[in-house]
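Numbers given in this note's numbering equal positions in the sequence shown, counted from 1, plus 2.
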Amino acid sequence: MYTIEDLTEAKKRKDLIGIALKKEMPVQKALRNLRYEEELRLLQIEMVNFQQWVKKEGIRVAIIFEGRDAAGKGGAIKRFKQHLNPRSTRVVALSKPTDVERGQWYFRRYIKELPNPGEIVLFDRSWYNRAVVEPVMGFCNQQEYNQFMVQVPGFEHMLYEDGVKIIKFWFSISKKEQKKRMESRLLNPLKKWKFSPVDQKGQELWDKYTYYKEHMFSKTHSTFSPWIIVKANSKKTARLESMRYVLSQFDYSSAQNSQTTILPDPNVVQRYFRQIEQIDI
């Protein structure tokens, strides 16, 4: 820790860094965090500019966040919406369907949550629950799963033709990183609520999740609605680069005046293709 004498002696930033190095303080980590916070601030400014443009132009934007448990979807969504106007931004995180909803067409409960003109909707999981989580956990039968896989490309094509811009993110993490994050949740009293019975099965059913995930990609990745893979072992990098990707997909009015790059790192964010290197294989 710095003493009063240290702070009095230091005249410039490099003086503080020099003192910290002598005391073997974690300077590099602190500097990385400062760079992250500054980059996040600049990207959130761009998100505010982007939202104003979406509102003015009456565009409908749906951003889907999918991935294994503890992949960092919720943390990314929090940073996306942190400074956006809540009147034209919504987060959708639906609970399990009611008895009435189970008797309806599967997509119906999601259709009513789609964005209105000038609105951005962030889906914390989506209709793709039926592609991975539900068959893995036995929450749907084989007929329901097969029907969904046949219908979803047509459903998304109709949305595309109607002018809804859909961005589908898959946050990819390693098995080791997932285990580390789940153990961290159990130790943190503020995060215990995030740990569910489904989470408990995440490690045990890892290979089964992989099978259904890959099948989902092969059947639902398309030119009009592609899957975007985000390498998310580093939460902070995943947040920044996924924000850049969204911004890069629109020619919004102030994009050229951005104070930081809005082009994502291709080593972190990649369009799905069969030979792509994924972390969560």
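Ideal placement from N, C-alpha and C gives every residue a C-beta, glycine not left out.
Cα atoms of ARG241 and GLN277: separation of roughly 24 Å, rounded to the nearest angstrom. DSSP places VAL166 inside the beta strand (DSSP E), whose first and last residues are 166 to 174.
A straight-line Cα-Cα distance of about 20 Å links GLN258 and LEU86. Here ALA240 carries a helix assignment [DSSP, helix/strand/coil].
Sixteen is the threshold: since fewer than 16 other Cβ atoms of the shown chains lie within 10 Å of the Cβ of ILE283, the residue is exposed. Membership of GLN272 in the beta strand (DSSP E) is indicated by the continuous run 271 to 273. Taking a contact as a CB-CB distance under 8 Å, the pair GLU103 and ARG111 counts as one, their CB atoms being some 5 Å apart.
In the DSSP assignment, LYS221 falls within the unbroken alpha helix (DSSP H) covering 208 to 222.
LEU124 has ILE65, VAL93 as its beta-bridge partners, per DSSP. A Cβ-Cβ distance of about 7 Å is found for the pair ILE230 and ILE169, placing them in contact under the 8 Å criterion. The C-alpha of ASP126 is placed about 18 Å away from the C-alpha of PHE141.
ASP8 is a Cβ neighbour of ILE21, given a cutoff of 7 Å. Cα atoms of THR225 and LYS196: separation of roughly 34 Å, rounded to the nearest angstrom. Ranked by Cα distance from ARG62, the first of TYR147, ILE113, GLY74 is ILE113. Non-local C-beta neighbours of GLU136 in its own chain, meaning closer than 6 Å and more than five positions away in sequence, comprise CYS142, ordered along the chain.
Looking only at ARG43, LYS193, GLU41, ARG132, the smallest Cα-Cα distance to LEU96 is reached by ARG132.
DSSP places LYS233 in the uninterrupted beta strand (DSSP E) bounded by 229 to 233. Residue burial is scored here from C-beta neighbours: TRP107 has fewer than 16 other C-beta atoms within 10 angstroms and is therefore classed as exposed. The DSSP-derived three-state label of PRO137 is helix. Of all alpha-carbon atoms in LEU116, LEU161, LYS215, ARG81, the one lying nearest the alpha-carbon of LEU44 is that of ARG81. The residue from ARG34, LEU124, PHE67 with its alpha-carbon nearest to that of VAL232 is PHE67. When the Cα atoms are used, MET184 and THR10 turn out to be separated by approximately 43 Å. CA-to-CA, the gap between ASP101 and PRO155 works out to about 26 Å.
SER186 sits in a helix when the DSSP states are folded into three classes. In the structure shown, the three-state DSSP call for ARG104 is helix. Looking at the backbone, the Cα of SER256 and that of PHE52 are separated by about 8 Å.
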